[in-house]
Structure formats: structure tokens, C-alpha cells
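What follows is a short report on a single structure.
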Amino acid sequence: MPDSTIPSNAHRPRPLIHGGAALVGIVLSLATLPLHLVLDTRQSVDISAVVVAVIGAIYVGFALQRGSIKQIVVGSIVAACFAGVALAGLWWNPWIIPAGYVAHGLWDAVHHWRSHDLVEIPHWYPPFCAAFDWLYAIGLSIIWLTVAPV
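Quick note: the sequence shown, position 76, residue 76 per UniProt numbering, numbers continuous.
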């Protein structure tokens with residue numbers, strides 16, 4: 001019997017692992033990390049910086065497609081922050097880049113759990129992206145510590 005104290009349309013937190021979405025993110029992360037084993041250190045840092053900037057901008061696309069002006073502004077500010085993370089990783093310390101992937105995974109989680117306040121996105125996207133981001137940050141850190149020191 002449903003709880004009558006909670007309206008049927010109330011937002012309920014969803015688990016971050018949604019079906020196979022997180023698994024697909026893990027598989028794609030594992031499939032792309034070996035690229036860093038064949039690149040030199042500079043190339044690895046450069047590609048990682050570009051990708052963290054691009055994934056930071058993806059939510060702007062969702063906002064432009066479905067969002068309000070406020071949601072577009074929020075998405076654009078967040079995208080600018082991730083572009084800043086990429087530049088900081090290139091200009092000052094490459095270790096900022098894996099931290100950026102972790103931060104993006106946290107942004108995915110916030111979007112997933114608080115999506116009623118933010119732009120509407122496909123329900124599978126945050127679990128997919130968070131799984132990719134967090135595993136990529138770990139894998140990239142391991143590679144940079146062992147195989148291609150930065």
C-alpha cells in the first residue's frame with residue numbers, strides 16, 4: 001500500500017546506478033584508458049584536458065535543448081569551470097585534471113539526485129557519466145603514477 005503522506009508526484013532520490021548505464025560507462029572508460037599507455041606524457045595530459053572540458057560542456061547542450069534561461073546560465077557557468085580545470089591542468093599542474101573528472105562525476109550525481117531543480121536530462125545519463133568519470137580519474141591517475149609519470 002503506498003504511503004499516502006507522500007504525494008505521488010514527489011521527487012524521490014534515485015540510485016546512481018541505473019540499469020546498465022553505469023556498466024556502459026565503466027566499459028567505455030576501460031576501453032579508452034589504454035590509449036594513455038601509448039601516448040607520451042604531454043599527449044596524455046593534453047587529451048585528458050580536452051575531454052574534461054568537453055564533458056563539462058555537455059550539460060549546456062541539454063540546457064539549450066530543454067532548459068530555461070536560468071538552467072542555460074547555470075550549465076554555462078559549470079562548463080566554464082570545467083574549461084578552467086582543463087586549462088589549470090595544462091598550465092599549472094596536470095593532477096588537477098583527474099580531480100576534474102572526479103568533480104564532474106559529483107556534478108553528474110547532483111544532477112541525478114536533484115534533477116527536478118536542474119535541466120531535464122535523460123535518466124540514464126548521470127549514472128553512465130559518473131561511472132565513466134570516476135573510473136577514468138582512477139585509471140588515469142594509476143597510469144600517470146606508474147607508466148607515464150607527469
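The beta-carbon is built from N, C-alpha and C at its ideal position, and this holds for glycine as well.
Same chain, Cβ closer than 8 Å to residue i, neighbours up to 5 away in sequence not counted
i	result
residue 37	143, 147, 148
residue 26	131, 132, 135
N- and C-terminal bounds of the alpha helix (DSSP H) containing residue i
i	result
residue 44	41 to 66
residue 127	125 to 146
residue 77	69 to 91
residue 38	35 to 38
Per-residue DSSP class, three states only, for residue i
i	result
residue 26	helix
residue 105	helix
residue 100	helix
residue 113	helix
7 Å CB neighbourhood of residue i in its chain, flanking five on each side removed
i	result
residue 119	59, 62, 63, 66, 67, 71, 75
residue 4	Only weak support exists for where residue 4 lies, its pLDDT of 41 falling under 50; the value from the coordinates is given anyway. Excluding positions up to five away in sequence, the list is empty.
residue 35	none
Contacting residues, own chain, Cβ-Cβ under 6 Å from residue i (five flanking each side not counted)
i	result
residue 53	82, 83, 86
residue 9	The pLDDT assigned to residue 9 is 40, lower than 50, so where the model puts this residue is not dependable; a value taken from the coordinates is nonetheless given after this. Closer than 6 Å at the Cβ level, and outside the excluded window around residue 9, lies no residue.
residue 29	132, 135, 136
residue 129	108
Residue i CB to nearest heavy atom of the ligand FAD below 6 Å
i	result
residue 149	Among the components of this structure there are no ligands whatsoever, and the ligand FAD is therefore not found.
Worksheet item: For the region 38 to 52 against the region 89 to 105, are there 3 or more C-beta pairs whose distance is under 8 Å?
Response: yes
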